[in-house]
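A.B. asks: Protein chains in written order, with my numbering: chain W, 65 to 291; chain B, 618 to 1060.
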Amino acid sequence: MSNFNDIGNLMYLYLDEIDPCEGTDAPAFLIKATAHLLNQKGGQNSVPIIVKEVGEDKYELIGNSFIYAVAEEAGLERVWCIVTDGKDDTVEVTQVLAGEKLPKINLSKASRDEIAAALEYLIEQPNSILKTVKLAIATNRIDEAPRQYWKTFEPITNLKCGITKGKKLDALKQVFYLTPQPMPDTITDANILKTMSTTDLKAMAKKRGITGISKMTKDALIEALSR
Amino acid sequence: MTAISLRSALKGLPETAQEPIVDLHFSNQLLEALGFQPEEIHPQYATGDRMVVDKAARKTIGSDIFLHTKSNPYLLVELKGRDINLSEGSAQYQKTVDQLKGYLLDSKCKSAQWGIITNSCHIQLFRKHGKVIYPATKCLSLNLDNIDEIIADIRKKIEAPTKALTVAIYNNKGGVGKTTTTVNLAAILTFLGKKVLAIDFDPNQQDLTSSLGIPLNQGDVSEALDERGDLLKALHSYSFPLKKLNSELRFDVIPADQKLADVDDSELRHRFTRSRLYKRLETARQKYDYILIDAPPNWRLISQMAVYAADVVLIPTKHNSLFSLENAATVMKKFIPEVQSKKANGSPIPLPIFFNGERITEPQLDVARKEIDNILKTAKKEGFTLWPYFYPKSKNAQKNPHIHQVPSYANIASAAFSRVPAVYRDRSAHEYYKDLAKEYFLP
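1) In whole angstroms, what separates the C-alpha of residue 66(W) from that of residue 73(W)?
2) Looking only at its chain, what residues have a beta carbon closer than 6 Å to the beta carbon of residue 786(B), apart from the 5 residues adjacent to it on each side?
3) Return the first residue and the last residue of the alpha helix (DSSP H) that residue 869(B) is part of.
4) Please report the residue range of the alpha helix (DSSP H) in which residue 947(B) lies.
5) For a test of the three-state rule: what should DSSP assign to residue 767(B), helix, strand or coil?
6) Let me make sure I understand the geometry here. Which of 227(W), 113(W), 97(W) has the alpha-carbon closest to that of residue 87(W)?
7) Of all Cβ atoms in chain W, is any one closer than 8 Å to the Cβ of residue 1025(B)?
8) Is there at least one Cβ from chain W nearer than 8 Å to residue 1048(B)'s Cβ?
9) When the cut-off is 8 Å and only beta carbons count, does residue 983(B) lie next to chain A?
10) Buried or exposed: which applies to residue 828(B), given that a residue is buried once 16 or more other Cβ atoms fall within 10 Å of its Cβ?
11) Once you ignore the five residues that flank residue 645(B) on each side, which residues in its own chain have a CB closer than 8 Å to its CB?
12) Thinking residue 701(B) and residue 709(B) are a contact (beta carbons under 8 Å), I'd like their distance in whole angstroms, please.
13) Could you have a look at residue 1019(B) and say whether DSSP puts it in helix, strand or coil?
14) Would you tell me roughly how many angstroms separate the C-alpha atoms of residue 652(B) and residue 997(B), rounded to the nearest one?
15) Anything in chain B within Cβ reach of residue 204(W), meaning under 7 Å, just list it in chain order.
16) Answer with buried or exposed for residue 43(W), where buried requires no fewer than 16 other C-beta atoms within 10 angstroms of its C-beta.
17) Buried or exposed: residue 618(B), going by 16 or more other Cβ atoms within 10 Å of its Cβ?
18) Alpha carbon to alpha carbon, how far is residue 825(B) from residue 884(B)? Give it in angstroms, no decimals.
19) Take residue 293(W) as the anchor and find which of 107(W), 126(W), 110(W) has the nearest alpha-carbon.
20) Would you mind reading off the limits of the beta strand (DSSP E) that contains residue 147(W)?
21) Of all the options 1055(B), 760(B), 648(B), 724(B), which has the alpha carbon lying nearest to the alpha carbon of residue 667(B)?
22) Residues of chain B with a CB under 7 Å from the CB of residue 200(W): which are they?
23) Inspect the beta-carbon positions of residue 748(B) and residue 1026(B) and report whether they are closer than 8 Å.
24) List the residues of chain W whose Cβ lies closer than 7 Å to the Cβ of residue 1055(B), in chain order.
25) Looking at C-alpha atoms only, which residue of 925(B), 971(B), 965(B), 830(B) is the closest neighbour of residue 896(B)?
26) Expressed to the nearest angstrom, what Euclidean distance is found between the alpha-carbon atoms of residue 969(B) and residue 257(W)?
27) Ignore the nearest five residues each way along the sequence and tell me which others in residue 636(B)'s own chain have a CB closer than 7 Å to its CB.
28) Whole beta strand (DSSP E) runs in the stretch 98-138 of chain W with 3 or more residues, listed along the chain?
29) Name the residue from 148(W), 128(W), 181(W) whose alpha carbon lies nearest to the alpha carbon of residue 239(W).
30) Tell me, please, whether the stretch 225-242 of chain W touches the stretch 188-204 of chain W by the rule of three or more beta-carbon pairs shorter than 8 Å.
31) Along the chain, which unbroken stretches of the beta strand (DSSP E) at least 3 residues long are found entirely within the stretch 792-864 of chain B?
32) Can you tell me the Cα-Cα spacing of residue 137(W) and residue 1016(B), whole angstroms?
33) Are residue 853(B) and residue 872(B) close, meaning C-beta to C-beta below 8 Å?
34) State the Cα-Cα distance for the pair residue 638(B) and residue 772(B), rounded to the nearest angstrom.
35) Could you give the distance in angstroms between the alpha-carbon of residue 157(W) and the alpha-carbon of residue 165(W)?
36) Out of 762(B), 972(B), 982(B), 650(B), point me to the one whose CA is closest to residue 1006(B)'s CA.
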């Protein structure tokens, strides 16, 4: 990159040169009242809007959309902006830093403390769908499960920690993502085997050349595989 | 010979030596005096993904040389310059201790058992047991006359670490669930594969002993404390059969001693000193992973002996009992410092409080937090920083009012009648105490 660009600059841009994209869903009262205050106090947005350059004198908003909405409401012609490089990573970090998007943690590798903190956050949201979930129990069960192999969040519904399929499970997707390891062919740890579905166990038993699979119960499968 | 070179290293340091100078002229001699060869020391060791500690060290095991493999550090050292004031209680001291704790708990340091902070004027050794970090020496002032002795003492400690973490469960307010906590913590730690000794040190109530349905001691504890006996002869083992697996869960208990019940405090003071229990647990400390002492409420000799014997003090409280919160603060401000001043190694330290008891609603929690905020404000005026023990998840610019909770309910209370710890009978109790054990103790 040459020095011939505005990346990292604080610039006083014309509002109509910035495309607000999705905009904000902040309550109208907050926007109107803040706009009123801003007008009374000099009309300078001391917290900048974050944008990326998309063409000659053309910008796109990537963070602090609330401030854009306030500036628009206040009838400001120009606003203070920080121009970023607009890469996907930058956009993501900006939106998370601006509090407009939730950060996600990797459930495949997260520590127990990280899981507990994320669950606590979800449970304590106002009107949380997860408010009946017991934090201690859910943390223990999820932490101890073989989550490094999970390809989806579905196995959580089998942990009997009050998180059922549907809205509750979907709520977890706001804060967690997965980068699963490939499942090894030979798991012999009964505790891990116990958490797998019977179908998966049968597939594994077949690979291992165990016979009489179709008649075996889950317990029998676990016993055969853990040998 | 090494000791001499450490002394001369200290002697040669300029009075205003900053960190690079201390590093160059003092740190290697220090580690050598602690028994580490050059290939057993790694400078600027990455403790995890982000942080780097000044020195890490481990003895060579077979062909596994620490400098090459960088695996399983044993000791971490955080160096400072002489321009940083490391005397206990200073802001920079606290910051450095927090820094060291961060390193010790980082992802690549699971094996680390010891941490040292030093700026060549002061030195302090910390022990890590599971997740718990507590002082193993006071913050000592170094000079040419005492350095050899201090370093030899530290070396002795890190070469023969104590196996057990000793925990006193104490609050001078009664009825906060000390016994329930002790029994269930002992039971769950046993379930998780640890070797546990639970001591019923409340001879008047004897609740722990009776809740497990085991006989009281008839003088064995009092004798062992009186004479130079070993407390382990007062031992009784509790076992819970696992019929399905054809095995059992077993932990050891020292039941309450009938002979110590209703003995006047002044008589006890004639017979025992505060340090007596600590001394009599010497063999036990090498035998168990955890020693849990159920102490009586109040601050009489028996409780003092229990707290003196401990590395850390776990203080149960109740959210709806203001006294239990105020008393927790008193334990931290008054009782524990009192014991620390009498004990040579800087312990015990308090663990963060937790709420034991009925389910807490949001408004109740708000009331409790307001009370705690008042307690913290008062403590601050008196010169104590207590928030880390009430709000352990808070940081400078981050107010996190999280307090750990162990809800109790009918099943936990009624477990005492069946003479079985609740965690072995009830799934929820099992999960809640496992959560407590993992939050406070296990890595």
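Here a beta-carbon is modelled for each residue, glycine too, at the ideal position from N, C-alpha and C.
C.D. replies: Looking at the coordinates:
1) Against the first sequence, residue 66(W) aligns to sequence position 2. Against the first sequence, residue 73(W) aligns to sequence position 9. Here the model assigns residue 66(W) a pLDDT of 46, short of 50, so the residue's position is not dependable, and the following value carries that caveat. The alpha-carbon separation between residue 66(W) and residue 73(W) amounts to approximately 14 Å.
2) For the purposes of this step, residue 786(B) is identified with residue 169 of the second sequence, where counting begins at 1. Close CB contacts of residue 786(B) within its chain, under the 6 Å cut and outside five residues either way in sequence, are with 795, 798, 799, 911, 931 (chain order).
3) In the second sequence, residue 869(B) corresponds to position 252, counting from 1. Counted as a single uninterrupted DSSP element, the stretch harbouring residue 869(B) is not any alpha helix (DSSP H) but the beta strand (DSSP E) occupying residues 864-871.
4) Counted from its first residue, the second sequence places residue 947(B) at position 330. Looking at the DSSP string, the run of the alpha helix (DSSP H) that includes residue 947(B) is 939-947.
5) Sequence index remark: in the second sequence, residue 767(B) carries index 150 (1-based). Reduced to three states, the DSSP call for residue 767(B) is helix.
6) In the first sequence, the residue the question calls residue 87(W) occupies position 23. Residue 113(W) is the option with its Cα nearest to residue 87(W).
7) What you label residue 1025(B) is simply residue 408 of the second sequence in a count that begins at 1. No - not a single Cβ of chain W is within 8 Å of the one on residue 1025(B).
8) One-based indexing of the second sequence puts residue 1048(B) at position 431. Yes, its Cβ sits closer than 8 Å to a Cβ of chain W.
9) Included in the structure are the protein chains W and B, with no chain A among them.
10) Against the second sequence, residue 828(B) aligns to sequence position 211. Under a 10 Å Cβ-count criterion, residue 828(B) is classified as buried, with 16 or more other Cβ atoms of the shown protein chains found around its own Cβ.
11) Counted from its first residue, the second sequence places residue 645(B) at position 28. Excluding positions up to five away in sequence, the list reads 655, 658.
12) Counted from its first residue, the second sequence places residue 701(B) at position 84. Counted from its first residue, the second sequence places residue 709(B) at position 92. Going by Cβ atoms, the distance from residue 701(B) to residue 709(B) rounds to 5 Å, so yes, they are a contact pair.
13) The count along the second sequence starts at 1 and reaches residue 1019(B) at position 402. When DSSP states are grouped into helix, strand and coil, residue 1019(B) belongs to the coil group.
14) The count along the second sequence starts at 1 and reaches residue 652(B) at position 35. The count along the second sequence starts at 1 and reaches residue 997(B) at position 380. About 42 Å.
15) Stepping through the first sequence from its first residue, residue 204(W) is reached at position 140. Neighbours of residue 204(W) across chain B, judged by C-beta separation under 7 Å: 1048, 1051, 1052.
16) Any answer about residue 43(W) is impossible in this case: the structure gives chain W only from 65 up to 291.
17) Within the second sequence, residue 618(B) is the residue found at index 1, counting from 1. Bear in mind that a pLDDT of 43 at residue 618(B), under 50, signals an unreliable position, so the model cannot answer this.
18) On the second sequence, position 267 is the one that residue 884(B) refers to. On the second sequence, position 208 is the one that residue 825(B) refers to. C-alpha separation (whole angstroms): 24 Å.
19) Only positions 65 to 291 of chain W appear in the structure, and residue 293(W) is not among them; the question remains open.
20) The residue you call residue 147(W) lines up with position 83 of the first sequence. For residue 147(W), the uninterrupted beta strand (DSSP E) run begins and ends at 142-148, by DSSP.
21) Locating residue 667(B) in the second sequence gives position 50, where the first residue counts as 1. Distance check between residue 667(B) and each of 1055(B), 760(B), 648(B), 724(B) places 724(B) closest, using alpha-carbon atoms only.
22) Residue numbering aside, residue 200(W) sits at position 136 when the first sequence is read from its first letter. Neighbours of residue 200(W) on chain B, chain order: 1048, 1049, 1052.
23) The residue labelled residue 748(B) in the question sits at position 131 within the second sequence. The residue labelled residue 1026(B) in the question sits at position 409 within the second sequence. Annotated as distal: residue 748(B) and residue 1026(B), with beta-carbon spacing of 8 Å or more.
24) Mapped onto the second sequence, residue 1055(B) falls at position 438. The contacting residues are 176.
25) What you label residue 896(B) is simply residue 279 of the second sequence in a count that begins at 1. Checked all of 925(B), 971(B), 965(B), 830(B); the closest Cα to residue 896(B) is 925(B).
26) Within the second sequence, numbered from 1, the residue matching residue 969(B) stands at position 352. Within the first sequence, numbered from 1, the residue matching residue 257(W) stands at position 193. If I take the Cα positions, the gap works out to 37 Å.
27) Residue numbering aside, residue 636(B) sits at position 19 when the second sequence is read from its first letter. Answer for residue 636(B): 696, 697, 698, listed in chain order.
28) Listed in chain order, they are 113-119, 122-127.
29) On the first sequence, position 175 is the one that residue 239(W) refers to. Cα-wise, what sits closest to residue 239(W) is 181(W).
30) Touching, yes, given that three or more Cβ pairs across the two stretches are closer than 8 Å.
31) Every beta strand (DSSP E) stretch that sits fully inside the stretch 792-864 of chain B and reaches 3 residues is listed by chain position as 813-817, 853-859.
32) Position 73 of the first sequence, counted from the start, is the residue given in the question as residue 137(W). Position 399 of the second sequence, counted from the start, is the residue given in the question as residue 1016(B). Taking the straight line joining both Cα atoms gives about 33 Å.
33) Translated into positions along the second sequence, residue 853(B) becomes position 236. Translated into positions along the second sequence, residue 872(B) becomes position 255. Yes, they are a contact pair.
34) Start at 1 with the first residue of the second sequence, and residue 638(B) comes out as number 21. Start at 1 with the first residue of the second sequence, and residue 772(B) comes out as number 155. Each residue's Cα considered, the two are about 23 Å apart.
35) Sequence index remark: in the first sequence, residue 157(W) carries index 93 (1-based). Sequence index remark: in the first sequence, residue 165(W) carries index 101 (1-based). Taking the straight line from one Cα to the other gives about 9 Å.
36) Taking the first residue of the second sequence as position 1, residue 1006(B) is located at position 389. Of the candidates 762(B), 972(B), 982(B), 650(B), the residue whose Cα lies closest to the Cα of residue 1006(B) is 972(B).
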